[in-house]
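Novice: The opening position of the sequence shown corresponds to residue 1 in the UniProt record's numbering, with each subsequent residue numbered one higher.
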Amino acid sequence: MKQRDLLKSRVKRLLKEQKDMGQVSDAAVLACSVQVFVKDLAAKMQKQAVEGVGLTPVELKKSVLACGELYFLHEKVTAIDESDAKYHKPARGSKKRTLKAATKK
Numbered sequence: 001m002k003q004r005d006l007l008k009s010r011v012k013r014l015l016k017e018q019k020d021m022g023q024v025s026d027a028a029v030l031a032c033s034v035q036v037f038v039k040d041l042a043a044k045m046q047k048q049a050v051e052g053v054g055l056t057p058v059e060l061k062k063s064v065l066a067c068g069e070l071y072f073l074h075e076k077v078t079a080i081d082e083s084d085a086k087y088h089k090p091a092r093g094s095k096k097r098t099l100k101a102a103t104k105k
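#1: CA-CA distance, D5 and Q35?
#2: Are there three or more Cβ pairs, one per stretch, closer than 8 Å when the segment 37–50 is compared with the segment 60–75?
#3: Quick check on DSSP: helix, strand or coil for E51?
#4: Is it buried or exposed for V11, if we count other Cβ within 10 angstroms and need 16 for buried?
#5: Quick check: the Cα distance between D81 and L55, rounded to an integer number of angstroms?
#6: Would DSSP call E75 helix, strand or coil?
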């Protein structure tokens, strides 16, 4: 707790000393916002890929609709037709590959 208070007071002191600390351009804020948005979306898609669900437009649609923070995209993704066969991947077999070195022994 003591360390937290010390850190808090240090940050406050630095903010008071820096004259241009609160002056950030709109472009910098927008760039950071886009970066956070893309990272978040990529993390969700990576999670789906690891789970073996697949990365199709239908999965992207489900991910966006499940997230309340992406409400501004809901209108766009609802236009994705889920019945289109090209968006559905056949399930992959769960065969594990054997290493060549292991098969030689």
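No residue lacks a Cβ here, since even glycine has one placed at the ideal position from N, Cα and C. Note that the structure is a prediction, hence the values are computed from the model and not measured.
Specialist: Let's see:
#1: Reading the sequence shown from its first residue, position 5 is the one you call residue 5. Reading the sequence shown from its first residue, position 35 is the one you call residue 35. Those two C-alpha atoms are separated by around 31 Å.
#2: yes
#3: Against the sequence shown, residue 51 aligns to sequence position 51. In the three-state reduction of the DSSP assignment, E51 falls in the helix class, which pools H, G and I.
#4: Translated into positions along the sequence shown, residue 11 becomes position 11. Exposed.
#5: Position 81 of the sequence shown, counting from 1, holds the residue named residue 81. Position 55 of the sequence shown, counting from 1, holds the residue named residue 55. D81 and L55: Cα-Cα distance of roughly 15 Å.
#6: Within the sequence shown, numbered from 1, the residue matching residue 75 stands at position 75. DSSP places E75 in helix when its eight states are reduced to three.
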